[in-house]
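This note's numbering puts the first residue of the sequence shown at 301, with every later residue one more than the last. Below is one structure, written out as C-alpha cells, with a few remarks after it.
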Amino acid sequence: MTADTPYAAVRRAQEADRQAVLDVLTEAFTDDPLVRWLGPPGPVQAHYYRHLLTRPTAEAYLAGGGAGAAIWLTLPAGHTPGEEPGGGERLRALGQALAPRHPKGRRHLYLPCMGVVTAWQGAGLGSAMLRHRLERADADALPAYLEASSARSRALYRRHGFEDLGEPVHVAGSPPLWPMWREPNPSQGRERP
301 MTADTPYAAV RRAQEADRQA VLDVLTEAFT DDPLVRWLGP PGPVQAHYYR
351 HLLTRPTAEA YLAGGGAGAA IWLTLPAGHT PGEEPGGGER LRALGQALAP
401 RHPKGRRHLY LPCMGVVTAW QGAGLGSAML RHRLERADAD ALPAYLEASS
451 ARSRALYRRH GFEDLGEPVH VAGSPPLWPM WREPNPSQGR ERP
C-alpha cells in the first residue's frame with residue numbers, strides 16, 4: 301500500500317469515534333513489550349487512552365478506515381503531560397522517570413500513542429498518520445516529542461525526522477523507551493488556507 305491509497309486516508313476523529321480510537325489503540329498495543337510490562341492489557345490500557353482523549357488539547361485521528369489511530373496533545377511551554385490517574389505503580393514510576401526528559405521550554409506537540417491493528421501493521425498507516433499531523437506542525441513551526449516503545453516504532457519515527465533525545469529510559473526491569481524530538485521543517489510544511 302502507498303500513502304496515496306484510500307486505505308491510508310487520515311481523518312480527525314469526532315466524539316462519535318471515541319470508542320473506535322480506544323479499540324484500535326487497545327488492540328494495537330496488546331503485544332507491545334511496554335504495555336505487557338505495565339500489566340495485563342485491556343481495561344487499564346483503555347482507561348489511559350480515554351483519559352488522554354479528555355485533555356483539552358487532545359486531537360485524535362483515525363486512518364485506514366479505522367485500522368490506525370493516534371492521539372496528539374499540544375503542550376504549552378513549561379508543561380508536561382502530567383501523571384495519569386489510576387495507572388498503577390509501574391506507570392507512575394515510568395512517568396516519573398520520563399518527566400525530566402520531556403522538553404518543557406517550548407510549546408510542542410506530544411504523541412503519547414499511535415497504533416495500528418495487527419493485521420494492518422507495516423502497511424503504511426503509521427507513516428500516513430505521522431505525515432498528516434507533522435505537515436501541519438511544520439506549517440505552524442511546532443516541534444514534536446514522543447517516546448518510542450519499540451525498536452520498530454523508533455525506526456519509523458526516525459524516518460519522519462525524530463531524533464533520540466538522550467539515552468533510552470528503563471524503570472525496574474521495563475523495556476526501553478526512547479524519548480525522541482523533532483524540530484519543525486518549514487520546507488516541508490504547506491501553506492495554510
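From the three backbone atoms N, C-alpha and C, an ideal C-beta is built for every residue, glycine too.
Runs of alpha helix (DSSP H) with 4 or more residues, each lying fully within the region 448 to 474, are found at 451 to 459, listed in chain order. Of the residues assessed, residue 389 falls on the exposed side of the cut-off, its CB having fewer than 16 other CB atoms within 10 angstroms.
Less than 8 angstroms divides the Cβ of residue 349 from the Cβ of residue 413. DSSP, read as helix, strand or coil, puts residue 379 in coil. C-alpha of residue 481 to C-alpha of residue 454: approximately 11 angstroms in a straight line. Beta-bridge pairing by DSSP links residue 435 to no other residue. Nearest to residue 400 by C-alpha distance, out of 319, 479, 310, is 479.
By the neighbour-count criterion, in which 16 or more other beta carbons inside 10 Å mark a residue as buried, residue 463 falls on the exposed side. Contact between residue 369 and residue 360 holds, with the beta-carbon distance rounding to 7 angstroms and staying under 8 angstroms. Contact between residue 321 and residue 329 does not hold, since the beta-carbon distance rounds to 13 angstroms and is not under 8 angstroms. When rounded, the separation of the alpha-carbon atoms in residue 362 and residue 312 is 6 angstroms. With 16 or more other Cβ atoms inside 10 Å of its own Cβ, residue 447 counts as buried.
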